[in-house]
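When we follow UniProt numbering, the leftmost residue of the sequence shown carries the number 1, and every step to the right adds one. Everything below concerns the one structure shown next.
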Amino acid sequence: MNDSVKSATFKLIQSLADDNENKYGQVIILIDEYDSPLLNVISITKESIKIANDSHGVLKSFFEVIKALQSKVKFLLVTGITMFAHLGLFPGLNNLKDVTLSNELSETNY
């Protein structure tokens, strides 16, 4: 499943960035409530642990593709209510910046 997530994500970002009508050659990505798939299965049953592990794998694959295509990504905004920075969801995205309590983006125009 993770390979199909990687393939679909790669194709989508690549095709949007390379579209003839996209004069910038880059995309802006908004991922709202990235943590929802993990939070929805919080319990100690074997089934919920498997679902959480599968969701983690899908999210990790998704972010790996974004990292690989970072030259095609102008801006990435990820929202959520928890910080899973230490779970390895964002491999290689070493330039993540937490703007939770910052006014920095309030004046940003993209």
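Beta carbons: idealized from backbone N, C-alpha and C, even for Gly.
In chain order, 13 place their CB closer than 6 Å to the CB of residue 69, counting only its own chain and leaving out the 5 sequence neighbours on each side.
Collapsing the DSSP output to three states places residue 81 in coil. Taking C-beta atoms as the reference points, residue 27 and residue 67 fail to come closer than 8 Å.
DSSP places residue 59 outside any beta strand (DSSP E); the residue lies instead in the alpha helix (DSSP H), whose first and last residues are 46-68. In the displayed model, residue 23 falls within coil according to three-state DSSP, outside both helix and strand.
Excluding its 5 nearest sequence neighbours in each direction, residue 35 has C-beta neighbours in its own chain below 7 Å: 80, 81, 82 and 84, listed in chain order.
Taking every protein chain shown into account, the CB of residue 99 has fewer than 16 other CB atoms within 10 angstroms, so this residue is exposed. Nearest to residue 6 by C-alpha distance, out of 59, 102, 53 and 78, is 59.
One Cα belongs to residue 38, the other to residue 3, and the distance between them is close to 20 Å. Each residue's CA atom was taken as its position, placing residue 29 and residue 9 some 11 Å apart.
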